[in-house]
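First the structure, in the form of structure tokens, and then the observations on it.
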Amino acid sequence: MKTVISTKPLLNVETPLLAVIVAPGAGVSPLKDASLERAVTSGDYKGQKDETLLVYGAGKAERILLVGAGKPTEITRSAIRRASAIAARRARSLGTQTFTLGVAKEARGSLGAAELAQVLIEGVAQGSWQFMELKKQPEDPKPEVESVELIFEAADKEEAEAGRRIGDAIAAGYLFTRNLQMQPGNVCTPTYLAEQARKLAATHGFGVTVLDKAQIKKEGMGALLAVAQGSAEEPRFIVLEYQGGAPGSAPVALIGKGVTFDSGGISIKPALNMEDMKFDKSGATAVLGAFEVLGRLKPKINVVGLIPATENLPSGTAVKPGDVVKSHLGKTIEIINTDAEGRLILCDALSYARRFKPAAAIDAATLTGAVVIALGHHAIGMLGNDEALLDEVRDAGERAGERCWPLPLWDEYRELLKSDVADVKNSGGRAAGTIAGAWFLREFVDGFPWVHLDIAGTAYLEGEGASHAKGPTAIGVRLFTEFLLKRAGA
Ligand code: BES
Ligand code: MN
Ligand code: ZN
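Okay, here's the thing in structure tokens:
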């Protein structure tokens, strides 16, 4: 997707579609156009949040689309991102391969030109996404949105260009992630994830190490191996290294759960919606998308990406409830429920992370159904061992429009994981499921600040919304980027 910043007056743009983000009140009709004026003065169109109006044959634009962003006092980055996504969705459904996007003065809130350009592009990436790759006979084929022209005032041009650079990079990472999430389990295997990491490394010059099954065994990752042992597909442990900061300065570790399909294993899941468990690799794909952004923006910071990748399937060789395995850290784990596999593969990754002496570690994982019960689909469950890092991640999530909400990790909850035979067990039953999952991970975090993001409720959507198609959300890509850019001082 190509983007350009233009400083033409709105009424002079020749375009198949001119989309203008507006606010109710003064900003509702920024264009001097008769049919728009009538729609507004009649009260038919008020420019309220999500409200759209499409008119034809006005001025040099073939079509004009107004999109309401909400009251001027309530305009945030998220509000603009959302309105932009609604505009892009309409552009896609109209089949215009290119469109022009502007924001009425009153609908800008207090956003600066740089962040405005950035979030407009993020919104276009979100709204124009479609996944047609695997359809041989699409019912209603629509071309991709190929280019978007963003209108800014001349005085804002330079700032807007700086925001465009960031927006373009985030859009690329976001689209990479969303497409990868969408790949079915028979395509996106652990080996395939590793190939994607290798490709990213080759394109951007990252360090990359991929451990195969024999090397994972040699490394002593008994928990990851236990999950993988039921599957014919080999596991992989993927390490990506980006060096943008001073050599030797402590890196940020990004860790992503890469279960390419989660059947539950011997503790098998019900059939209904089990196909959605191809999205159980969403933490891993978020880490890969963040590296795509890093490769494009090259911020001054060191980052390591760690991805344990495996399938979770039942078979005659699968791990069983009651089995005890030895983790990479050395602690023994009693496996109560083979469907609590995410924490098993992540615990070995957290333990492996020690060798990098990370300044901070953040893991993203579709870890528990319980987080969907607690927070639904609008917030990431966030837990960790360091208040300052929790605040920092939460702020990054706010800027990214990927909101995080804290849950407690009090000592009392540790008791849920006491085992009769081993150092710890992998499931504490139904109570406080998300907290128990995080407590399990905490048992394997040794000596660095760490935040766990439970993205089970936010990694994919079961239906479409006004600004979002059904399916994968690339959650984490924007959050990781905002976090890293701020840390890098950019
Ligand atoms: N991948 C699932 C969690 C999940 C649920 C992701 C719904 C997306 C949507 C995870 O591996 C899992 O099965 N967790 C169990 C843990 C339990 C057995 C302790 C769960 O949440 O039921
Ligand atoms: Mn599971
Ligand atoms: Zn899972």
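FYI, our numbering numbers position 86 of the sequence shown as 286, with every residue one higher than the one before it. Using N, Cα and C, we set each Cβ at its ideal position, and we do this for glycine too.
Checklist entry - Relative to the alpha-carbon of E344, which residue among A402, A283, V593, Q297 has its alpha-carbon at the smallest distance? => result Walking along the sequence shown from the start, residue 344 turns up at place 144. Ranking the options by Cα distance to E344, first place goes to Q297.
Checklist entry - Going by the C-beta, is G542 closer than 7 angstroms to any heavy atom of the ligand ZN? => result In the sequence shown, residue 542 corresponds to position 342, counting from 1. G542 Cβ: within cutoff of the ligand ZN.
Checklist entry - Alpha carbon to alpha carbon, what distance is there between G458 and F331? => result Here residue 331 refers to the residue found at position 131 when the sequence shown is read from its first residue. Here residue 458 refers to the residue found at position 258 when the sequence shown is read from its first residue. Going by the C-alpha atoms only, they are around 21 angstroms apart.
Checklist entry - Does the Cβ of N473 have 16 or more other Cβ atoms within 10 Å, making it buried, or fewer, making it exposed? => result Taking the sequence shown and counting its residues from 1, the one referred to as residue 473 is at position 273. Its Cβ having fewer than 16 others within 10 Å, N473 is exposed.
Item to check | Cβ shell of A690 (< 6 angstroms), same chain only, five flanking positions each side left out | outcome: Within the sequence shown, residue 690 is the residue found at index 490, counting from 1. Once the five neighbours on either side are set aside, the close Cβ partners of A690 are P499.
Checklist entry - Looking at the unbroken alpha helix (DSSP H) that takes in I635, where does it start and where does it end? => result Walking along the sequence shown from the start, residue 635 turns up at place 435. I635 -> alpha helix (DSSP H) spans 633 to 642.
Next on the checklist: Beta-carbon within less than 7 angstroms of L661's beta-carbon, same chain only, minus the 5 sequence neighbours each way: which residues are those?
Outcome noted: Position 461 of the sequence shown, counting from 1, holds the residue named residue 661. H577, H668, K670, G671, T673.
Next on the checklist: For the ligand MN, I want to know if G676 counts as a neighbour, meaning its beta carbon is within less than 7 angstroms of at least one of the ligand's heavy atoms.
Outcome noted: If you number the sequence shown from 1, residue 676 lands on position 476. The answer is no for G676.
Checklist entry - Quick one: does the C-beta of G464 sit closer than 7 angstroms to a heavy atom of the ligand BES? => result Against the sequence shown, residue 464 aligns to sequence position 264. Yes.
Checklist entry - Contact between the stretch 230 to 249 and the stretch 263 to 275: three or more CB pairs below 8 angstroms? => result yes
Next on the checklist: Any heavy atom of the ligand MN inside 7 angstroms of the beta-carbon of D539?
Outcome noted: Indexing the sequence shown from 1 puts residue 539 at position 339. Yes, Cβ of D539 sits closer than 7 angstroms to a heavy atom of the ligand MN.
Item to check | When G505, A486, L513, T409 are compared against A560, the one with the closest alpha-carbon | outcome: On the sequence shown, position 360 is the one that residue 560 refers to. Measuring from the Cα of A560, the nearest candidate turns out to be G505.
Checklist entry - Do you know how far the Cα of A285 is from the Cα of K246? => result For the purposes of this step, residue 246 is identified with residue 46 of the sequence shown, where counting begins at 1. For the purposes of this step, residue 285 is identified with residue 85 of the sequence shown, where counting begins at 1. Linking K246 to A285 through their CA atoms gives a straight-line distance of about 19 angstroms.
Checklist entry - In chain order, what residues of the same chain have a beta carbon less than 7 angstroms from the beta carbon of K526, not counting five sequence neighbours either side? => result As a first step, residue 526 is located in the sequence shown; it is residue number 326 there, counting from the start. Taken in chain order, the residues that qualify are G422, T532.
Checklist entry - If you measure from the CB of T566, is any heavy atom of the ligand BES nearer than 7 angstroms? => result Here residue 566 is taken as the residue at index 366 of the sequence shown, counted from 1. Because some heavy atom of the ligand BES lies under 7 angstroms away, the Cβ of T566 counts as near it: yes.
Checklist entry - Would V348 be called buried (16 or more neighbouring beta carbons within 10 Å of its own) or exposed? => result Counting from 1 along the sequence shown, the entry for residue 348 is found at position 148. It counts as buried.
Checklist entry - Does the distance from the C-beta atom of A432 to that of G456 stay below 8 angstroms? => result Within the sequence shown, numbered from 1, the residue matching residue 432 stands at position 232. Within the sequence shown, numbered from 1, the residue matching residue 456 stands at position 256. Going by C-beta atoms, A432 is not nearer than 8 angstroms to G456.
Item to check | Nonlocal neighbours in the same chain, by C-beta distance under 8 angstroms from F683, ignoring five residues either side | outcome: One-based indexing of the sequence shown puts residue 683 at position 483. V452, I562, E592, V593, A596.
Next on the checklist: Run through the DSSP bridge pairs and tell me what W650 is partnered with.
Outcome noted: Here residue 650 corresponds to residue number 450 of the sequence shown, with the count starting at 1. Paired residues: A561.
Checklist entry - Can you round the beta-carbon distance between L217 and A261 to whole angstroms, since I take them to be within the 8 angstroms contact cut? => result By one-based count along the sequence shown, residue 217 stands at place 17. By one-based count along the sequence shown, residue 261 stands at place 61. The Cβ separation is near 7 angstroms, so the contact holds.
Checklist entry - Which ranges would you report for the alpha helix (DSSP H) in the stretch 271 to 327 if only whole runs of at least 4 residues count? => result 277 to 294
Checklist entry - So the beta strand (DSSP E) A453 belongs to, where does it begin and stop? => result Taking the first residue of the sequence shown as 1, we reach residue 453 at position 253. According to the DSSP assignment, A453 belongs to the beta strand (DSSP E) that extends over 452 to 456.
Checklist entry - In three-state DSSP terms, what is N502? => result Looking up residue 502 in the sequence shown gives position 302. Per DSSP, reduced to three states, the secondary structure at N502 is strand.
Checklist entry - Of the residues T568, L411, L513, which one's Cα is nearest the Cα of L440? => result The residue labelled residue 440 in the question sits at position 240 within the sequence shown. Of T568, L411, L513, the residue nearest in Cα terms is L411.
Checklist entry - So which of I438, S482, G522, A450 has the shortest CA-CA distance to A467? => result The sequence position of residue 467 within the sequence shown is 267, counting from 1. According to the sequence provided, residue 467 is Ser. The question's Ala does not apply to it. When each option's Cα is compared against that of S467, the closest is G522.
Checklist entry - Enumerated in chain order, which unbroken segments of the alpha helix (DSSP H) with a length of 4 residues or greater are wholly contained in the stretch 222 to 248? => result 234 to 241
Next on the checklist: Quick check on this structure: which residue in E274, K625, V571 has the alpha carbon closest to the alpha carbon of W155?
Outcome noted: Outside the shown range of the chain (201 to 690) lies residue 155, about which nothing can therefore be said.
Checklist entry - Counting along the chain, where does the alpha helix (DSSP H) carrying G483 start and finish? => result If you number the sequence shown from 1, residue 483 lands on position 283. 482 to 497 is the span of the alpha helix (DSSP H), which, as asked, contains G483.
Checklist entry - Could one say the Cβ of R436 lies closer than 8 angstroms to chain D's Cβ atoms, at least one of them? => result The chain inventory of the structure shown lacks chain D, comprising one protein chain alone.
Checklist entry - Can you name the start and end residues of the beta strand (DSSP E) that R436 belongs to? => result Here the question's residue 436 lines up with position 236 in the sequence shown. Taken as a continuous stretch (DSSP letters only), the beta strand (DSSP E) holding R436 covers 436 to 443.
Item to check | As assigned by DSSP and simplified to three states, the class of P216 | outcome: In the sequence shown, counting from the first residue as 1, residue 216 sits at position 16. Looking at P216 - three-state DSSP - the assignment turns out to be coil, as it is neither helix nor strand.
Item to check | Endpoints, alpha helix (DSSP H) assigned at R554 | outcome: Stepping through the sequence shown from its first residue, residue 554 is reached at position 354. That residue, R554, is in no alpha helix (DSSP H); it is neither H nor E in DSSP.
Item to check | K695, DSSP secondary structure in three states | outcome: As displayed, the chain neither begins before 201 nor continues past 690, which places residue 695 out of reach and without an answer.
Checklist entry - For N512, is the beta carbon positioned less than 7 angstroms from some heavy atom of the ligand MN? => result Position 312 of the sequence shown, counting from 1, holds the residue named residue 512. Yes, the beta carbon of N512 sits closer than 7 angstroms to at least one heavy atom of the ligand MN.
Item to check | Nearest-angstrom Cβ-Cβ length linking A394 and I366, presumed shorter than 8 angstroms | outcome: The residue labelled residue 394 in the question sits at position 194 within the sequence shown. The residue labelled residue 366 in the question sits at position 166 within the sequence shown. Not quite, the Cβ-Cβ distance comes to about 28 angstroms (not below 8 angstroms), so this is no contact.
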